[in-house]
């Protein structure tokens, strides 16, 4: 006794055709599901924005650090979150030999924090350490060149702290 399905596929050619159609349908469904899931976190690119959506043209005020973050509204007062044992560097400034860069550090918790500058050309760090989480560090720029702000959390706990600089950071932080 033949079933309805087997009577539909009497020949080998019909069976191959049915298999090809099934594979094609599965592939189409998989692509559709993948496209739907893949677009959940997609950013809106400037070209995709409507004319009512403003495009921000000023420098970013928030930068992401590896396992941390930094915010500033004026380029001088920086609010920083930095995970335990981590270091990072950010911004890029052209400073002249002999300039003093003053870091006023304020942390509510007792944290050993290293702050300073790092030469872009040599990666050499010139820094000082605040052992209680609060204090001032003055770094004299050793030679003309481009430098980045350098920070390091030497403790086993995350640090949330504020650095006030005597020099305004211009341009993007990252």
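In the numbering used here, the protein residues as written are 1251 to 1424. We put the beta carbon where it would ideally sit given N, CA and C, even for glycine.
- The alpha carbon of residue 1375 has as its nearest neighbour, out of 1390, 1361, 1331, the alpha carbon of 1390.
- Excluding its 5 nearest sequence neighbours in each direction, residue 1378 has C-beta neighbours in its own chain below 8 Å: 1353, 1364, 1365, 1366, 1387, 1388, 1389, listed in chain order.
- If the five residues before and after residue 1407 are omitted, its C-beta is found closer than 6 Å to the C-beta atoms of 1334, all from its own chain and listed in chain order.
- Beta-carbon to beta-carbon, residue 1279 and residue 1355 are separated by about 56 Å, too far to satisfy the 8 Å threshold.
- 9 Å or more divides the Cβ of residue 1337 from the Cβ of residue 1416.
- Taking a 10 Å sphere around the C-beta of residue 1328, we find 16 or more other C-beta atoms and assign the residue as buried.
- Judged by their CB atoms, residue 1347 and residue 1392 are nearer to each other than the 9 Å cut-off.
- By DSSP's assignment, residue 1367 forms a beta bridge with 1376, 1399.
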